[in-house]
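S.K.: Numbering (the working numbering), first residue to last: 81 to 221.
(1) Are residue 198 and residue 112 touching if we call contact CB-CB under 8 Å?
(2) From the DSSP output, in three-state form, read off residue 174 for me.
(3) Just to confirm my understanding: we take residue 179, look at its own chain, exclude 5 residues before and 5 after, and list those with CB closer than 8 Å. What are they?
(4) Going straight from the alpha carbon of residue 204 to that of residue 177, what length do you get?
(5) Quick one: Cα of residue 184 to Cα of residue 208, how far?
(6) Would you mind stating whether residue 128 and residue 118 have Cβ atoms separated by less than 8 Å?
(7) For a test of the three-state rule: what should DSSP assign to residue 197, helix, strand or coil?
(8) Just the C-alpha distance for residue 212 and residue 84, rounded to the nearest angstrom, thanks.
(9) Would you decide whether residue 194 is buried or exposed? Buried here means 16 or more other CB atoms lie within 10 Å of its CB.
(10) If you draw a straight line from the C-alpha of residue 216 to the C-alpha of residue 116, how long is it?
(11) To the nearest angstrom, how far is it from the Cα of residue 141 to the Cα of residue 93?
(12) Ends of the alpha helix (DSSP H) at residue 91?
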């Protein structure tokens with residue numbers, strides 16, 4: 081399947097999941113909030129566990145169907161990936177949510193705070209790529 085069709089299908093599925101979660105449980109599909117509440121022992125953990133399990137199982141199903149994931153792993157050491165993950169976690173706490181919560185659900189609800197957060201996410205993402213690629217010469221190994 082053409083990569084842009086896979087991207088389109090992924091976007092549609094993300095939107096559908098966000099709409100279904102809001103329509104059925106009245107909850108925003110922000111993975112940082114879902115994971116945080118799941119790890120802190122929320123009473124409504126079953127749907128949170130199912131949501132996170134779906135995020136893990138979906139790429140595995142794609143791999144089984146296609147024979148490959150279609151996703152290349154960056155050639156970066158595990159300590160650098162762990163450091164990047166910590167920065168993402170810090171950013172989601174600082175920004176009161178993640179790209180799925182603000183960028184998908186918040187913008188769909190016309191939240192000014194989510195518009196602002198998404199602009200900041202995108203701007204810092206672009207700046208990070210520019211610094212890593214052009215000033216540092218690529219990803220550290």
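Just so it is clear, CB atoms sit at the ideal spot from N, CA and C, and this is done for glycine as well.
M.R.: This is what the structure holds:
(1) Counted from its first residue, the chain shown places residue 198 at position 118. Counted from its first residue, the chain shown places residue 112 at position 32. Result no, Cβ atoms of residue 198 and residue 112 do not sit closer than 8 Å.
(2) If you number the chain shown from 1, residue 174 lands on position 94. DSSP places residue 174 in helix when its eight states are reduced to three.
(3) In the chain shown, counting from the first residue as 1, residue 179 sits at position 99. Only 198 and 201 meet the Cβ criterion.
(4) Counting from one through the chain shown, the residue named residue 204 turns up at place 124. Counting from one through the chain shown, the residue named residue 177 turns up at place 97. Going from the Cα of residue 204 to the Cα of residue 177 covers about 15 Å.
(5) Taking the chain shown and counting its residues from 1, the one referred to as residue 184 is at position 104. Taking the chain shown and counting its residues from 1, the one referred to as residue 208 is at position 128. C-alpha separation (whole angstroms): 21 Å.
(6) Indexing the chain shown from 1 puts residue 128 at position 48. Indexing the chain shown from 1 puts residue 118 at position 38. For residue 128 and residue 118, yes; Cβs fall inside 8 Å.
(7) Here residue 197 refers to the residue found at position 117 of the chain shown. Here residue 197 sits in helix by DSSP.
(8) In the chain shown, counting from the first residue as 1, residue 212 sits at position 132. In the chain shown, counting from the first residue as 1, residue 84 sits at position 4. Answer to the nearest angstrom: the Cα atoms are 26 Å apart.
(9) The residue labelled residue 194 in the question sits at position 114 within the chain shown. Flag for residue 194 reads buried.
(10) Locating residue 216 in the chain shown gives position 136, where the first residue counts as 1. Locating residue 116 in the chain shown gives position 36, where the first residue counts as 1. Using only the alpha carbons, I get a separation of about 33 Å.
(11) Numbered from its first residue, the chain shown carries residue 141 at position 61. Numbered from its first residue, the chain shown carries residue 93 at position 13. Whole-angstrom Cα-Cα distance: 14 Å.
(12) Translated into the one-based positions of the chain shown, residue 91 becomes position 11. Its alpha helix (DSSP H) spans residues 83-105.
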